[in-house]
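Numbering (full-length UniProt numbering), first residue to last: 1 to 125.
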């Protein structure tokens with residue numbers, strides 16, 4: 001196929017293997033990690049980079065973010081939690097704090113049919 005011919009690619013152009021892999025990868029937790037990563041990289045980790053950041057999805061409704069040093073956990077949670085400022089949503093829409101201490105936090109994202117639990121962990125070197 002020559003893409004220079006302005007060919008329109010559609011979902012039917014995917015192989016069965018590609019569809020299966022996309023179903024495994026395109027989970028609600030992956031969607032949540034994308035939104036969280038956008039905020040962490042542009043707002044928090046840009047000026048005070050973490051020594052190590054690792055993100056992964058453990059299963060369909062669980063996401064995890066861990067980092068070494070970098071911003072305080074409470075600061076990260078405050079940036080991620082959805083807030084409505086006079087009609088403008090800041091943070092990740094639908095993300096709520098369920099627990100938080102100095103090193104770990106749990107949040108719940110209500111943006112999917114089945115809520116996704118987000119675990120945050122900050123380690124100190």
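The beta carbon of each residue, even a glycine, is placed where N, CA and C say it ideally should be.
Under the three-state reduction of DSSP, residue 84 is assigned to strand. One Cα belongs to residue 75, the other to residue 117, and the distance between them is close to 19 Å.
Within the same chain, 28, 60, 61 come within 8 Å of residue 114 by CB-CB distance, once the 5 residues on both sides are set aside. Residue environment for residue 26: exposed (fewer than 16 other C-beta atoms within 10 angstroms of its C-beta). Less than 8 Å divides the Cβ of residue 95 from the Cβ of residue 81. Between the alpha carbons of residue 22 and residue 34 lies a gap of roughly 15 Å. Collapsing the DSSP output to three states places residue 18 in a helix.
Residue 114 sits in coil when the DSSP states are folded into three classes, being neither helix nor strand. Ranked by how close their Cα comes to the Cα of residue 104, the residues 32, 73, 39 have 73 in first place. Here residue 98 has 106, 107, 108 as same chain residues with Cβ atoms under 7 Å from its own Cβ, once five neighbours each way along the sequence are excluded.
By the Cβ neighbour-count rule, residue 67 is buried, with 16 or more other Cβ atoms within 10 Å of its own. The beta carbon of residue 77 sits closer than 8 Å to those of 97, 100, 105, 107, 120, all from its chain and outside the five residues before and after it, given in chain order.
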